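Colleague: Protein chains in written order, with the numbering used here: chain R, 986 to 1143; chain Z, 13 to 136. Before anything else, here's the structure in question.
Right under this line is the structure:
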């Protein structure tokens, strides 16, 4: 892949748009994860929305800044942590004496409240965290492929 | 010769596993009591048409919501189905995502490295 000179320089309008929309994308995605059990939405969808904000960062500032701002190592670890949390929360049902993924400690609030779902709520959070990290890592990977090779060569020379 | 004997041994092992599995299936079918057999359930006891309004717009939906609240105490039926009643399904989906990301990571890393090598060759 070869780009013309100057095409890697970011457009001011795109940069300003990314600045404006990044916090909204993050807040919207985190809201969908938080209220996944009492509203339309859920862990998967909210996680994907949060991860897509990495793409906004890439559009505004390029691959170098995005890869510096987001630690791919932390994302890789976070995905495994989310999956493990889900399995541990699911195994809670077996330790109580019922089946896998049974909803335990569910009488903890009025119906429709944020944590009224009991274990379901925390499982939804675990899945949301896992999808956030996984899709974010995937997007970073794709950005690395899409990024112009001139950046990498410069880094190698330095 | 060696590979042939190995293959025959592997085939025998697979057949033995298959036979053991079939025996376990038949044994379970004959000896274990059924966990749920719908024959003795009276639907009028589960959902009483005299008490609950089945003809209204929200008839069946209201019953589903009420039963779900009694069972799982979650306001969102879909969330309780996805994370409670079908928890294995969600677990498998999330592991599909994990596997897909690992596979794409491998493929993209290899193609990226090969592209870099080709460019180096061209430059030379």
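Cβ coordinates follow ideal geometry from the N, Cα and C atoms, glycine included. Please read these numbers as outputs of a predicted model, since none were measured by experiment.
Nearest-angstrom Cα distance between residue 124 (chain Z) and residue 1032 (chain R)?
Modeller: Within the second chain, residue 124 (chain Z) is the residue found at index 112, counting from 1. Within the first chain, residue 1032 (chain R) is the residue found at index 47, counting from 1. The straight-line gap from Cα to Cα measures roughly 27 Å.
Colleague: Confirm, please, whether the CB-CB distance from residue 104 (chain Z) to residue 1075 (chain R) is below 8 Å.
Modeller: Position 90 of the first chain, counted from the start, is the residue given in the question as residue 1075 (chain R). Position 92 of the second chain, counted from the start, is the residue given in the question as residue 104 (chain Z). Going by C-beta atoms, residue 1075 (chain R) is not nearer than 8 Å to residue 104 (chain Z).
Colleague: Measure the alpha-carbon distance for residue 997 (chain R) versus residue 76 (chain Z) and round it to whole angstroms.
Modeller: Working through the first chain from its first residue, we reach residue 997 (chain R) at position 12. Working through the second chain from its first residue, we reach residue 76 (chain Z) at position 64. C-alpha separation (whole angstroms): 53 Å.
Colleague: Counting only Cβ-Cβ distances shorter than 9 Å, please list the residues of the segment 107-131 of chain Z near chain R, keeping chain order.
Modeller: Those residues of the segment 107-131 of chain Z that come within reach of chain R (Cβ to Cβ, closer than 9 Å) are 107, 109, 110, 112, 113, 116, 117, 120, 121, 123, 124, 127, 128, 131.
Colleague: Ignoring anything shorter than 4 residues, give me the alpha helix (DSSP H) runs that lie fully in the segment 1036-1072 of chain R, in order along the chain.
Modeller: Taking only runs of at least 4 residues, no alpha helix (DSSP H) segment lies wholly in the segment 1036-1072 of chain R.
Colleague: What residue does the alpha helix (DSSP H) around residue 1087 (chain R) start on, and which one ends it?
Modeller: Position 102 of the first chain, counted from the first residue, corresponds to residue 1087 (chain R). First-last for residue 1087 (chain R): undefined, no H or E at that position.
Colleague: Quick check: what's the CA-CA separation for residue 1099 (chain R) versus residue 92 (chain Z)?
Modeller: Translated into the one-based positions of the first chain, residue 1099 (chain R) becomes position 114. Translated into the one-based positions of the second chain, residue 92 (chain Z) becomes position 80. About 14 Å.
Colleague: What residue range is occupied by the uninterrupted alpha helix (DSSP H) comprising residue 1100 (chain R)?
Modeller: Along the first chain, one-based indexing puts residue 1100 (chain R) at 115. First-last for residue 1100 (chain R): undefined, no H or E at that position.
Colleague: Determine the direct distance from the alpha carbon of residue 122 (chain Z) to that of residue 1002 (chain R), and round the result to whole angstroms.
Modeller: Position 17 of the first chain, counting from 1, holds the residue named residue 1002 (chain R). Position 110 of the second chain, counting from 1, holds the residue named residue 122 (chain Z). Cα-Cα distance, rounded: 34 Å.
Colleague: Residue 86 (chain Z) lies in the alpha helix (DSSP H); which residues open and close that run?
Modeller: In the second chain, residue 86 (chain Z) corresponds to position 74, counting from 1. Neither: residue 86 (chain Z) is in no alpha helix (DSSP H) and is coded neither H nor E.
Colleague: When you compare only the Cα positions, how much space is there between residue 1066 (chain R) and residue 43 (chain Z)?
Modeller: Taking the first chain and counting its residues from 1, the one referred to as residue 1066 (chain R) is at position 81. Taking the second chain and counting its residues from 1, the one referred to as residue 43 (chain Z) is at position 31. Taking the straight line from one Cα to the other gives about 42 Å.
Colleague: If you measure beta-carbon to beta-carbon, which residues of the segment 74-97 of chain Z are closer than 9 Å to chain R?
Modeller: Under the 9 Å Cβ criterion, the segment 74-97 of chain Z contributes 81, 83, 84, 85, 86, 87, 88, 90, 91, 92, 94, 95, 96, 97.
Colleague: Do you know how far the Cα of residue 38 (chain Z) is from the Cα of residue 45 (chain Z)?
Modeller: Position 33 of the second chain, counted from the start, is the residue given in the question as residue 45 (chain Z). Position 26 of the second chain, counted from the start, is the residue given in the question as residue 38 (chain Z). Going by the C-alpha atoms only, they are around 13 Å apart.
Colleague: How many angstroms separate the CA atom of residue 1018 (chain R) from the CA atom of residue 73 (chain Z)?
Modeller: On the first chain, residue 1018 (chain R) is found 33 positions in, with the first residue counted as 1. On the second chain, residue 73 (chain Z) is found 61 positions in, with the first residue counted as 1. Rounded to the nearest angstrom, the two C-alpha atoms are 25 Å apart.
Colleague: Exposed or buried, what is residue 1080 (chain R) when buried is set at 16 or more other beta-carbons lying within 10 Å of its beta-carbon?
Modeller: For the purposes of this step, residue 1080 (chain R) is identified with residue 95 of the first chain, where counting begins at 1. Label assigned to residue 1080 (chain R): exposed.
Colleague: Nearest-angstrom Cα distance between residue 1085 (chain R) and residue 81 (chain Z)?
Modeller: Your numbering for residue 1085 (chain R) matches position 100 in the first chain. Your numbering for residue 81 (chain Z) matches position 69 in the second chain. Roughly 19 Å separates the two Cα atoms.
Colleague: Express the C-alpha separation of residue 1101 (chain R) and residue 1094 (chain R) in angstroms, rounding to a whole number.
Modeller: If you number the first chain from 1, residue 1094 (chain R) lands on position 109. If you number the first chain from 1, residue 1101 (chain R) lands on position 116. Going by the C-alpha atoms only, they are around 5 Å apart.
Colleague: For residue 1119 (chain R), tell me which candidate among R:1016, R:1011, R:1047, R:1062 has the shortest Cα-Cα distance.
Modeller: For the purposes of this step, residue 1119 (chain R) is taken as residue 134 along the first chain, with counting starting at 1. If we check each option's Cα against that of residue 1119 (chain R), R:1062 comes out closest.
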